[in-house]
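A.B. asks: Take a look at the following structure, please.
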Amino acid sequence: MTEQSIDLRRTGRIGLPAIFAAFFRLGATSFGGGTAGWLYREIVERRHWIDDKDFLAAAALGRFMPGSGGVNLTVQVGQRLRGGLGALAAVLGLLSGPLAIVLALAVGYTKTSQISVVHAVFDGVAAAAIGLTFATGIKLVQFRAASAGPLAVTFMTVLCVGVLRWPMIPVVLCLAPISIGLAFLKRHRHHA
Amino acid sequence: MPDDKPLLALALVFMPLSLLSIGGGASLLAEIEHQSVTLHAWTTQREFADLFAISRAAPGPGTMLSTLIGWKVAGLAGALAATVALYLPSSLLVYGAARLWGRWRGSVWHTAVERGLAPIAAGLILSGGIAVLRVAPGGAAVWAAAVASTALILCLPRLHPLVLFAVGGALFGLADAIGLW
Chain A
-6 MTEQSIDLRR TGRIGLPAIF AAFFRLGATS FGGGTAGWLY REIVERRHWI DDKDFLAAAA
54 LGRFMPGSGG VNLTVQVGQR LRGGLGALAA VLGLLSGPLA IVLALAVGYT KTSQISVVHA
114 VFDGVAAAAI GLTFATGIKL VQFRAASAGP LAVTFMTVLC VGVLRWPMIP VVLCLAPISI
174 GLAFLKRHRH HA
Chain B
1109 MPDDKPLLAL ALVFMPLSLL SIGGGASLLA EIEHQSVTLH AWTTQREFAD LFAISRAAPG
1169 PGTMLSTLIG WKVAGLAGAL AATVALYLPS SLLVYGAARL WGRWRGSVWH TAVERGLAPI
1229 AAGLILSGGI AVLRVAPGGA AVWAAAVAST ALILCLPRLH PLVLFAVGGA LFGLADAIGL
1289 W
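Here the protein sequences come in this chain order: A and B. The first sequence begins at -6 in the numbering used here and counts up one residue at a time. The second sequence begins at 1109 in the numbering used here and counts up one residue at a time.
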């Protein structure tokens, strides 16, 4: 595989089927949302399709932009390899495995949803997944735990969207400029 | 909302959310619950909680919850429509932004936007947890288990989520089988 990847680098063109296949493998095997880590091992370390520096820049943009960080990263790697078609092949590869698996699970779910123990199992999985969601949110808060401004923004978001159940889009459109403005001012004060 | 045209309704719900899913798909959970259960009645509370569980236990980048909602609404076509609607706008945006990124990365505004959006993303993700807890039909046991698994994940960062899901599912299944509730 290593020899093959060096050859591919020399010719400078990686085939669309190869891109699809690599990302298909990634999508079907990355559990728990750690796509970036899997992608680094598979695309940078194993196949040498892009280098560390490009990977880090793409990962930073992927997290920064809206959407799944893993999908955003995949778009950029595909784009770098083969332009628009490369991005399309990579994303289709990444998503088609999980899509098939999740639909198979859903079909299995409808066939068994009359059985009470199945619901109980789903309740248990849902409870654990809710815990994972809370933990992710809490880790993100801790990130800036020191200052009152960001904490107030998080609190307002939870109050409006989580407790009062206001629609998310206007809440985000109101809070985002305020929060970005606060971050901008704070940075200025530090440098003044 | 054109609920007589389900594919269009799915696209109209998920395409705008695509561009506002800051910090990843998890930030959309509360809004997807609100849209699916309350506004469009695409799923019951029970079904939503179950589809959420399935979406988290399956592999893949971020959430396939929209795919499952789409499937529930309009079968395979709905699943594809919802998936494309959720991932296409954000993918096109990042595709366009990749060229400009080199110049913009590390600038004052980049830092401010990144730092400004992080607390909102955190709030949205926490709201998502609350939203699913609200519709989860298991009652107090689900609440207790959710709190326990939050603590477990925070204390044991190396714990694989799938292990936790398996333990949670097994415990609740067992409790049901022996008639604990």
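We treat Cβ as the ideally placed atom computed from N, Cα and C, and that holds for glycine.
Beta-carbon separation of Val156 of chain A and Val1202 of chain B under 7 Å?
C.D. replies: As a first step, residue 156 of chain A must be located in the first sequence, where it is residue number 163. As a first step, residue 1202 of chain B must be located in the second sequence, where it is residue number 94. No. Outside cutoff.
A.B. asks: Does the separation of the CB atoms of Gly71 of chain A and Ala80 of chain A fall below 7 Å?
C.D. replies: As a first step, residue 71 of chain A is located in the first sequence; it is residue number 78 there, counting from the start. As a first step, residue 80 of chain A is located in the first sequence; it is residue number 87 there, counting from the start. Yes, the pair counts as a contact, with Cβ atoms nearer than the cut-off.
A.B. asks: Does Val68 of chain A have its Cβ less than 7 Å from a Cβ in chain B?
C.D. replies: Locating residue 68 of chain A in the first sequence gives position 75, counting from the first residue. Closer than 7 Å to some Cβ of chain B, the Cβ of Val68 of chain A qualifies, so yes.
A.B. asks: Kindly give me the distance between the Cβ atoms of Val95 of chain A and Met1172 of chain B, rounded to whole angstroms, as I take these residues to be in contact under 8 Å.
C.D. replies: Sequence index remark: in the first sequence, residue 95 of chain A carries index 102 (1-based). Sequence index remark: in the second sequence, residue 1172 of chain B carries index 64 (1-based). The pair is a contact, with the Cβ atoms about 4 Å apart (cut-off 8 Å).
A.B. asks: For chain A, is any of its Cβ atoms less than 7 Å away from the one on His1148 of chain B?
C.D. replies: By 1-based counting over the second sequence, the position of residue 1148 of chain B is 40. Not an interface residue.
A.B. asks: Could you tell me the alpha carbon to alpha carbon distance between Gly1287 of chain B and Val118 of chain A, rounded to whole angstroms?
C.D. replies: For the purposes of this step, residue 1287 of chain B is identified with residue 179 of the second sequence, where counting begins at 1. For the purposes of this step, residue 118 of chain A is identified with residue 125 of the first sequence, where counting begins at 1. Spanning the two alpha carbons is a distance of roughly 19 Å.
A.B. asks: Report all residues from its chain with a CB closer than 6 Å to the CB of Arg180 of chain A; omit the five preceding and five following residues, and keep chain order.
C.D. replies: Looking up residue 180 of chain A in the first sequence gives position 187. Nothing listed; no residue qualifies.
A.B. asks: Between Phe13 of chain A and chain B, is any beta-carbon pair separated by less than 7 Å?
C.D. replies: Working through the first sequence from its first residue, we reach residue 13 of chain A at position 20. No, its Cβ sits nowhere closer than 7 Å to a Cβ of chain B.
A.B. asks: Under three-state DSSP, which class holds Leu157 of chain A?
C.D. replies: Mapped onto the first sequence, residue 157 of chain A falls at position 164. Leu157 of chain A falls in the coil class under three-state DSSP.
A.B. asks: Under the three-state reduction of DSSP, which class applies to Ser106 of chain A: helix, strand or coil?
C.D. replies: Counted from its first residue, the first sequence places residue 106 of chain A at position 113. Note: Ser106 of chain A maps to coil in three-state DSSP.
A.B. asks: Mind checking Thr1191 of chain B: buried by the 16 CB within 10 Å criterion, or exposed?
C.D. replies: Taking the first residue of the second sequence as position 1, residue 1191 of chain B is located at position 83. Buried, since its Cβ has 16 or more Cβ neighbours within 10 Å.
A.B. asks: Assuming the contact rule is C-beta atoms closer than 8 Å, Ala113 of chain A and Gly1281 of chain B should be a hit. Round their C-beta distance to whole Å, please.
C.D. replies: Here residue 113 of chain A corresponds to residue number 120 of the first sequence, with the count starting at 1. Here residue 1281 of chain B corresponds to residue number 173 of the second sequence, with the count starting at 1. Right, their Cβ atoms sit about 5 Å apart.
A.B. asks: Determine which residues of the region 1189 to 1208 of chain B have a Cβ less than 7 Å from any Cβ of chain A, and write them out in chain order.
C.D. replies: For the region 1189 to 1208 of chain B, which is checked against every Cβ of chain A, the residues closer than 7 Å are Thr1191, Tyr1195, Ser1198, Ser1199, Leu1201, Val1202, Tyr1203, Ala1205, Ala1206.
A.B. asks: Return the residue from the list B:Ser1235, B:Pro1245, B:Arg1266 that minimises the CA-CA distance to Thr147 of chain A.
C.D. replies: For this step, residue 147 of chain A is matched to residue 154 along the first sequence. Here the closest residue by C-alpha is B:Ser1235.
A.B. asks: Relative to the C-alpha of Gly1133 of chain B, which candidate in A:Gly76, A:Pro59, A:Arg75, A:Ala51 has its C-alpha closest?
C.D. replies: Position 25 of the second sequence holds residue 1133 of chain B. Comparing Cα positions, the closest option is A:Pro59.
A.B. asks: Use the C-beta contact count for Gly101 of chain A: other C-beta atoms within 10 angstroms, 16 or more gives buried, fewer gives exposed.
C.D. replies: As a position in the first sequence, residue 101 of chain A is number 108, starting the count at 1. Answer is exposed; the Cβ neighbour count stays below 16.
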